[in-house]
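Chains as they are written, first to last, in our numbering: chain S, 11 to 524; chain G, 26 to 329; chain F, 48 to 307; chain Z, 1417 to 1756; chain H, 44 to 323.
Backbone N, C-alpha and C fix where the C-beta goes; we use that ideal spot for every residue, glycine too.
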Amino acid sequence: GGDGAGKKAGAKEVIIAYATDVDTLDPHQLRSEAAYGVVGNIYGTLMQEEYSAPADGVLKYTGKSTLYLAQSATWNKDRTTLTFKLRPDAVFADGRPITSEDVVYSLRRALSDVGYASAIGTWLNISDPEKGIVAVDTSTVDVKVTHYSPLIEKFLAFQLFPMLDRSAAEKAAGSDDPWAAGFFGKDATESGPYVIDSQVKGQSLTLVKNKAFKASDTADAPDRVVVQNMPDPQQAFLALQNGAVDIVTGLTPDLAQAVERDPDLKLYELAYSDVAFLGMNNKDPVLKDARVRRAISHLIPYQTLRDEVMKGYSGAAYGAVPYPMSDALDPTGEKIAYPTDVNAAKKLLDEAGIKPGELSLTLSVQASDTVLRQSAIFIQSALAQAGIALKVNEMNDADFSTNLGKLQMFLDSWYSWGQDSIYQLFFLLKSGVFTNYTGFSDKKLDKLIEQAMATTDPGERRALSRQAQRIVVDQAPWAFLFTRNVLIGAKSTVSGITHSDDANLRYDRLRIAQ
Amino acid sequence: MDLVLDDIGVVYRRGGYETRAVRGVSLHIRKGETLAIVGESGSGKTTIAKVAAGLQKATSGSLAWRSTPYGAPEGARGTGSRRVQMVFQHPVQSLDPLWRIRRAVQEPLWHGGASRREADARAAELITQVGLDPSVLDRYPRQISGGQAQRVAIARALIAKPEIVILDEPTASLDQTVRARILTLLAELQAGTGVGYLMITHDISSVRRLATRIAVMYHGLIVESGPASAVLDAPRHPYTRALIAAVPIADPRVPWNGAEHVARHRAGILAQAPCPVESSPCRDHGTGLHQVGSEHLVACTAAA
Amino acid sequence: MTLLSVEGLSIRTADGHTLVRDFALDVNPGEIVGIVGESGSGKTMTALSLLGLLPAGVSVACGDASLSGRPFLRDGRVCERPNATMIFQNPTAALNPTMKIEAQLIRLLTFLGKRRGTGRRGRRARAEALLESVGIHEPRAVLRRYPHQLSGGMNQRVMVAMAVAAEPSLLIADEPTTGLDVTVQAQILELIRSTVASRGIGVLFVSHDMGVIAQTCRRVAVMYHGELREFADVDDVFHAPRDAYTEELLASTLEQPSER
Amino acid sequence: MLRSGLARSGIAVVGVVGVAVLIFFITRLLPGDPARVAAGQYATDAQVEQLRRQYGLDQPVLVQFGRYMVDFFRLDLGTSIRTGQPVTDELLTRLPATVELGLLALLIAVVLGVGLGVLAAVHRHRVVDKIIQLLVVFASAAAVFWIALLAIYLFVNEWGVFTSPIGRLPRGYAPPDPVTGFYVVDALLAGDLETAGAALRTLLFPAMLLGLHASPSIVKIVRSSTIRALESDYARTSRSFGYPPGSILFHDGLRNALLPVITNIGLVAGFVLAGGNVLIEQLYAWPGIGQYAYDSLQENDLFALRGYVILIGVTYILLNIVLELAYRRADPRVAVAEGR
Amino acid sequence: MTPIDNALRGNVAGRMRPGDSFAYAAFGVLAVLIAMGVVVPLLYGDGDVAMKTQGLLPPSWEHPFGTDRYGRDIFLRSMAAVRIDVTLGFAVALSVLVFGSIVGALSATFGRTVDMVIMRITDVFLAFPAVVLALIITASLGKSAWFAAIAVAIAYTPPMVRLSRSKALEIRSADYVAAGRLSGASTVGLAFRHVLPNAVKYPFVQSTLVASWAILDFAALSFLGVGVQPPTPEWGSMIAEGVGDILLGSWWPSFFPGSMILLSAASFQIIGDWLDRRLR
Ligand SMILES: Nc1ncnc2c1ncn2[C@@H]1O[C@H](COP(=O)(O)OP(=O)(O)OP(=O)(O)O)[C@@H](O)[C@H]1O
Ligand SMILES: Nc1ncnc2c1ncn2[C@@H]1O[C@H](COP(=O)(O)OP(=O)(O)OP(=O)(O)O)[C@@H](O)[C@H]1O
Ligand SMILES: [Mg+2]
Ligand SMILES: [Mg+2]
């Protein structure tokens, strides 16, 4: 890297490589990681995640939310109304104050059908956004919920609920675009610590500090953050090595090893309950037999996958709710439900009336996910040991997600925001929920999830969750492969990596040692 | 049976431009005779030949067979069939490189229902007739010389007993000695079969040797036509005169001043009042061709 | 004194075929000497060999040649450029299709000027004068044209003009009129004859047309299969041929002298 | 000339419309559901339906076609599903990057192609020629993405000649004010030599690869046409006057040999702008339309991909018309035939 | 020296030229490649199954091309890929040859309207570089080896149509065809007896080049993920799989498949050039 003329003297700059380009700036429609990173840092939210003091360069999420653009957040007595009061100095980047009208608009937009956030909206327990989110005065907003849930405050800290400028939005809206998607796709009404400076589509987007932002102290934060599109992970790593970028997100395990080997670089390995699994279509004539599913689970070479594919940057997944998620059955991250055992598998297959060489299956996997692709190859040779012929079908991301519900077997991984076991079980395994891609259906499980969603008592919730998890482990709708740790490589001068709930970096927390 | 071309006009259109290659030409090709067309290059000689052979449609005018010189037309149905054959300027190019000579020579017989044995016999007969060894029949075109190829082409043209053979500069690409032999051969064959020739050429000496009648073309028009002796010995049109005068005499003892003649006659063509290119009476050849002798017609009013 | 003398010239191909064998001839100043022979008999190769223009794969095996007493070919090896130029068959192809006539003339004059030390100025005027000298009446119009916009006869005149501009003592003409109309041919032949007469240069004139040879040359060489069969006065060759091939050639020349 | 000009523009219009029609019918067969893709993994069926309506995908195919053609003539290539932005805009913002890379690559291809072609022609049938011909075969038989990969490995990883490709400028340089969209030109206009140099250095690596890969066809053409020109009658004429070899090579050889190159440039440009670019831009993280196409492909972004392909097709047709006119201008023989 | 001598000598001289040795080498390489592609997978399998912990072994006696990150033998996979890639080269070349030259000949034979329509259609197709056309076709039809092959074949058919048409037109105006017409042959008869046999060598030469281009484009499509889907061994997708490894220093997983592409495509091109010289 050169020290060119374009570089401002003394300005602290961080270049972060993402595997994608910033697809859109609309916080409710974005899909790319880079866009997620940008949106999370240009918009402020009412609450924000609370982090512990930095340890070894990492700021860890405490599991609680604290105030951000809101000055106060108070529940009424029966915990059905949450009242927010805005900070008096909360302003948009152009200096216009953020009002309760903006808050109402922003929350309603998040819960509208303009994006996919509405799916999460149910978990806020707001039955009707029109009635449930109301402005009391210019700086006070009431959020009315049907019943309390620990997730409400957590979720309101998500960047899915950013504060947008209502007047700008309404100016840009039209009859065919009521929520001004065209406007927010390419413009932003920044309310967070950074504002957009410039963008070279397909290459990079540059952020600079928002001078009007007062909700936190950003004095030591980087002055400029460049979000760089580096589709090829190896090239991103090389760029990190020769100083062209400072941080690389989403390292593959082999690159993480390479980062560790380089004395000038530092690897941040952040444990998440991101569960990788082999989903089996429970409506498939063969796979609907739990014995077959268990047999397959016994065939998975768990240790090989963790050693060879994940290179050790992973934990074990015991069931659909793995460590370190709250209420996980296995608090250690080391237990395996169906240990690798070819004989056990053969026995189960025999019981199910399947003879060696009879079964042939198709396993689909996203081509872009190198870890899962690699896993597929290993699983292929493992199943071959029990006489199961496995055809590996690599699909591009779009095809994969379009066909998810119809695939016979697939490799995928899932990570729930909020680290909540009920939330996780609901989306993945409750019958009829559209993200239940294996079509698994168990009346008892459904009942337990519903009960847990309705309860406000943490202890009861925990008990229900554990019961539900046991059913899942026993029924083996999936083979639970492992959990994937998030791997971030950075120059050793960079610190302040946030081990946040949504695996997003808070750019204002980054620190650069000169 | 005579082949009659009546007021033929041909216009080429290409890339948005028109070339009036032939501008109203009438010809009468008789069996047993040789009609020679001479003229400047690009004057439309080949085009006329193709029209006469039925290889190309005329833009205007008609083509017919007549049984007597001025009898009723038989219609154009017969043209383009084997009644007319053609011998081309480049002998080797007129033979399919992938075909043995035998096959090429026999080709016109296939469509007449001749048996294989007949065809073989006839091919051998003709190939000897044109002075070649029958072993040539088993060779490919690239294995024979230009002179031999032209003989093969003549054999092919004659094999189906056509009434008219069109010769488009048949000797232009051949050596002088070979040329003489081919011309002799053509004359012999005509005497033997009574075929009629339409011979296109630049070469006045070939005309002298073979032609019974001559038509002189200039800029798509016939400017003079008539019996060979009459036209060659007493040319009337300035262009004909220039053409004949320009042929160098192959005898160093005979003084020749071609350039002077050409200059004089050319000047005539370009400057003299009734001129085939420049003035209207000659442009419209219907009024422009005048009889100056028995069957001797000339376009130039001044010359007539 | 002879202008050009060639002795023992043999031309061979790289794969060992002899194209021309033991060729000899001489040209006097102001004389046109013809070479006739059937196609492929080596006329062009002989002509090209004198200017060192043989195509790749063909070379002079042995022979000596001198021009104005200066030897330029010694034992098959070129020892200097003879002061000779050449005009070719198919004049349109012999001129650069992408350059206007003016550019080609100026290119030549510039080159000659450099060699001879004449000034740059007046080259255009010289170009015009050159064209006029070969009987082109509208030199300005012709100068502005590309070769493809001119007739073959016109291009051959341009070629003659260029060949003459170099002030050679020998002009080699390889079938300069083949492919041209007889009327145009007559004019080109006249142009060559007059040029020779006015400048006193020697001409080696290759043709296979006996008529052209008869009317243009003073002496003629007859070639057959790469061999020189006869080299004598035109009159002798035509009226008292000593070689069988020459006889055949004459017999095939059908044109009878006619009175005009 | 006028008539043939009209005919040519007629053909161009037919070609451009044909491109649009062809691409519509190819893309409407797409089995993936663009609305589903647009809505994303977490969308409900109702949201998908809504998007279907929004993109008009619920209409009969003929109605869709009608709209598409109307939009096409208004230069509206639809809205990208992936980014929600007009495809035309997105392509246009990325076009300068591709064109800058493409032009330099083309320049390199032409210089290299002409240079090697002439060299081979001058030394025809000798060792130099043989070597060049072998190089040509291998350059055109090597997969461009493979060569690019090896080049990055060798030049960046092993030898460190170039820095890692991270777009159009190395770290620490700000893009110059956009005038032409070409960084090198814009930086020069702004008088910023350093940025111009940096931009050029960044550009050079991928451009050299593309250029190298595109040059074989030019070498072949230049070689054969130069040989033809050098063995032509007019070159022989020049030799008969004793012109120096340089003059003969330039006036008789090159001048005539370069004409066929003009028409070949169309093909090469097509390759450089499109064919090779999807692969190269991906590997070099170059923010051009090729990368856009790749990203769209990965996301089944029907409209974006369609827009890209149409842009390529239309550009190609127009480019070839321009080149043909240029050729007509450059070659006096054609000009004569046209009666100019 | 008579023309017949020239012709004969031309043949003698043409029998062995220096360029021929390249061509013989190319034939040899192709033959060996095909033989290996048939024999090696029969003997040793296609290396499809992972060998657990032996990922990314550099080339050795045991694994001549090394192993990939999944521990698969790259040599075996490269050889197995011959079946797909080279077969595909032949298949595309053949179908383009047959279809392209027939349509081209028809276009030349039939009158103005058919010809005009066919030419305008090929114009449109020619506006797309093969990879781009194949890209949109595969993106539309679906990502499979079949569709990629069909797409590549479609992309190279219009140029073939053009070539065969122009050659057919050229030959149609040859004197020997005119002579055939005068013999009474019909237009169709002429087309089959004279035009096609003489014209076909040009498309034939072209088709060897098409084979080479098809291999390259097909590999490119697989590299982009729209051709052969992994884990089926195919050179282009093998290179794609090795991208990460080469940048980290393991050059063999993508180097060898790329060399296979180079060898086979170059062989076809050299053979094409050679045929071109021989047949013309
Ligand atoms: N296929 C064609 N398309 C367009 N113009 C043509 C075509 N064939 C011939 N011409 C033009 O028509 C005119 C007459 O051509 P034609 O070939 O009949 O002349 P010619 O007398 O045979 O000439 P030559 O003595 O050179 O053979 C010429 O101007 C020529 O350029
Ligand atoms: N480049 C070449 N390499 C080898 N042989 C050649 C080459 N060019 C011509 N020849 C041969 O050299 C011999 C003499 O050819 P040349 O051109 O001198 O004949 P010519 O008498 O000029 O014939 P024409 O009257 O046809 O012009 C011929 O047999 C010819 O085939
Ligand atoms: Mg003619
Ligand atoms: Mg000659």
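According to DSSP, residues forming a beta bridge with residue i
i, result
"residue 315 of chain G", "G:323"
"residue 65 of chain F", "F:59"
"residue 131 of chain F", "F:217"
Buried or exposed by the 16-neighbour rule on C-beta atoms within 10 Å, applied to residue i
i, result
"residue 104 of chain G", "Residue confidence is low: residue 104 of chain G scores 39 on pLDDT, short of 50, so the model does not pin down where it sits. Its coordinate-derived value is still stated next. So residue 104 of chain G counts as buried."
"residue 55 of chain H", "Low per-residue confidence applies at residue 55 of chain H: pLDDT is 34, beneath 50, and the placement is therefore not dependable, though the value from the model is reported in the following sentence. With fewer than 16 Cβ atoms within 10 Å of its Cβ, residue 55 of chain H is classed as exposed."
"residue 48 of chain F", "exposed"
"residue 471 of chain S", "buried"
"residue 303 of chain G", "At residue 303 of chain G the pLDDT is 46, less than 50, meaning the model places this residue with poor confidence and gives no usable figure here."
"residue 1422 of chain Z", "exposed"
"residue 57 of chain G", "exposed"
"residue 188 of chain H", "buried"
"residue 86 of chain S", "exposed"
Test item: CB-CB of residue i and residue j under 9 angstroms
i, j, result
"residue 137 of chain F", "residue 1671 of chain Z", "no"
"residue 198 of chain G", "residue 171 of chain G", "yes"
"residue 167 of chain S", "residue 58 of chain S", "yes"
"residue 1682 of chain Z", "residue 1736 of chain Z", "yes"
"residue 229 of chain F", "residue 227 of chain G", "yes"
"residue 99 of chain S", "residue 225 of chain S", "yes"
"residue 219 of chain S", "residue 205 of chain S", "yes"
Residue i: CB within 8 angstroms of a non-hydrogen atom of ligand 4
i, result
"residue 90 of chain F", "yes"
"residue 136 of chain F", "yes"
Contact set between residue i and chain C, taken where Cβ atoms lie within less than 7 angstroms
i, result
"residue 98 of chain F", "Judged by its chain identifiers, the structure shown contains no chain C, and its protein chains are S, G, F, Z and H."
Any non-hydrogen atom of ligand 1 closer than 8 angstroms to residue i Cβ
i, result
"residue 46 of chain G", "yes"
"residue 66 of chain G", "yes"
heavy atom of ligand 3 below 8 angstroms from residue i C-beta
i, result
"residue 225 of chain G", "yes"
"residue 114 of chain G", "yes"
"residue 147 of chain F", "no"
"residue 1492 of chain Z", "no"
Heavy atom of ligand 2 within 8 angstroms of residue i beta-carbon
i, result
"residue 35 of chain F", "Residue 35 of chain F is absent from the structure shown; chain F starts at 48 and stops at 307."
Between the segment 263 to 279 of chain H and the segment 152 to 172 of chain H, do at least 3 Cβ pairs fall closer than 8 angstroms?
no
Please determine if the segment 1521 to 1532 of chain Z and the segment 1620 to 1630 of chain Z are in contact, where contact requires at least 3 C-beta pairs separated by less than 8 angstroms.
yes
For the segment 507 to 520 of chain S against the segment 474 to 491 of chain S, are there 3 or more C-beta pairs whose distance is under 8 angstroms?
no
Using 8 angstroms as the cut-off, can you tell me whether the segment 111 to 126 of chain G makes contact with the segment 186 to 200 of chain G, which would need three or more C-beta pairs spanning the two stretches below that distance?
yes
Measuring CB atoms only, is the segment 25 to 32 of chain S touching the segment 41 to 52 of chain S, in the sense that at least three cross pairs come out at less than 8 angstroms?
yes
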